[in-house]
């Protein structure tokens, strides 16, 4: 496992970061806490020491599970969490409605008002069972709060020793540029995969030129590029993939064909398709790390091992050619 520095900060992260969206249960059709804790332990054991979470993942459940899992190993791991999405109606601007575990409607707002951010940080610290966060990221920009005000909260939390560094997620180049005038943004976390490469146009070059790390999420495109997707897979009503344009029958067929083309290359290295895809991602120009979810120890082990693959230049070029050829049938906005 390689460890890479986040911009101008003193924080380094593993090139494969353990994502904990799925272990929160919400939008992924449930979860098993014991398996989730085992996944975190196995990941850390194999060098995947960076763990990304967020309050909204399971509405606090993911952070709580991470906190239980990392007891006694805080000095060995890096906790990356977020702020800016709330579900208690305190304020902010509407983001989306979702269905809770009991079938109730939950309204999620974007809110990054400075006082709210400080309160959100305290709540995360409590759930995580720690007194500091290694990387504190704004989950989504809040249109109702000027970026400059949000970053002043980062400055306060940093001075208090509650965060080591500040990052963002799903922000544009202009938003990052404005934030940087108040407090250093050391990382951005955008979506990126072999079939979703919009950030290559503007965001990756900007971050590379301004010493900002890029931690990409969904490199396996929610499992579409895992090499395990089938045409007959059924997603429950609370699984976000049931409504995703990436998972239409036609796009599944194209993705399965694509993964089958990758499979012989992966197999020649004793690797799975998912491992090859993750390895490709973390070796893209400008990409610092890839965030990959795992619900159990075996998935965590597979993800961690992907960082150690050494792909030949010829095979890497073949993969690049296949990536250029893959095309899914998506609404225009989904290409970004």
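In the working numbering, the protein residues as written are 4 to 339. Where a beta carbon is used, it is the ideal one built from N, C-alpha and C, also for glycine.
The beta carbon of residue 153 sits closer than 6 Å to those of 115, all from its chain and outside the five residues before and after it, given in chain order.
For residue 270, the three-state secondary structure derived from DSSP is helix. Inter-residue distance for residue 249 and residue 162 is about 43 Å (C-alpha atoms, whole angstroms). Contact between residue 48 and residue 58 does not hold, since the beta-carbon distance rounds to 27 Å and is not under 8 Å.
In this structure, the beta-carbon distance from residue 51 to residue 9 does not fall below 8 Å.
Membership of residue 282 in the alpha helix (DSSP H) is indicated by the continuous run 276-285.
With a 10 Å radius around the Cβ and a threshold of 16 neighbouring Cβ atoms, residue 6 comes out exposed.
When the five nearest sequence neighbours on each side are left out, the beta carbons in the same chain lying within less than 6 Å of the beta carbon of residue 303 are those of 42, 45, 46, 297, in order along the chain. For the set 251, 229, 119, the Cα lying nearest the Cα of residue 283 is the one of 229.
One thing to note: residue 173 has its Cβ no nearer than 8 Å to the Cβ of residue 11. Three or more pairs of CB atoms, one per stretch, sit closer than 8 Å, so the segment 258-267 contacts the segment 226-240. Using a Cβ distance threshold of 8 Å, residue 138 and residue 190 count as a contacting pair.
Closest in alpha carbon position to residue 131, among 141, 76, 70, is 70.
Counting only the Cα atoms, residue 75 lies some 42 Å from residue 204. Listed in chain order, the alpha helix (DSSP H) runs fully inside the segment 172-257 are 176-183, 206-212, counting runs of at least 4 residues. Taking C-beta separations shorter than 6 Å and ignoring five residues to either side along the sequence, the partners of residue 157 in its chain run 169, 186, following chain order. In this structure, the CA atom of residue 63 is about 20 Å from the CA atom of residue 145. Assignment of beta-bridge partners to residue 96 by DSSP yields 113. Positions of the alpha helix (DSSP H) runs, each at least 4 residues long and wholly inside the segment 8-58, are given as 36-48 in order along the chain. Spatial neighbours of residue 79 in its own chain (CB-CB distance under 8 Å, excluding positions within 5 residues in sequence) are listed in chain order as 47, 52. Put simply, the backbone Cα of residue 97 is about 31 Å away from that of residue 208.
Residues 312 of the same chain have their beta carbon placed closer than 6 Å to that of residue 274, with the five preceding and five following residues left out of the count. Counting along the chain, residue 326 sits inside the alpha helix (DSSP H) bounded by residues 316-328. By the Cβ-count criterion, residue 254 is buried, with 16 or more other Cβ atoms from all chains shown falling within 10 Å of its own Cβ. Per DSSP, the beta bridge partners of residue 82 are 54.
Just so you know, the alpha carbons of residue 18 and residue 105 end up roughly 37 Å apart.
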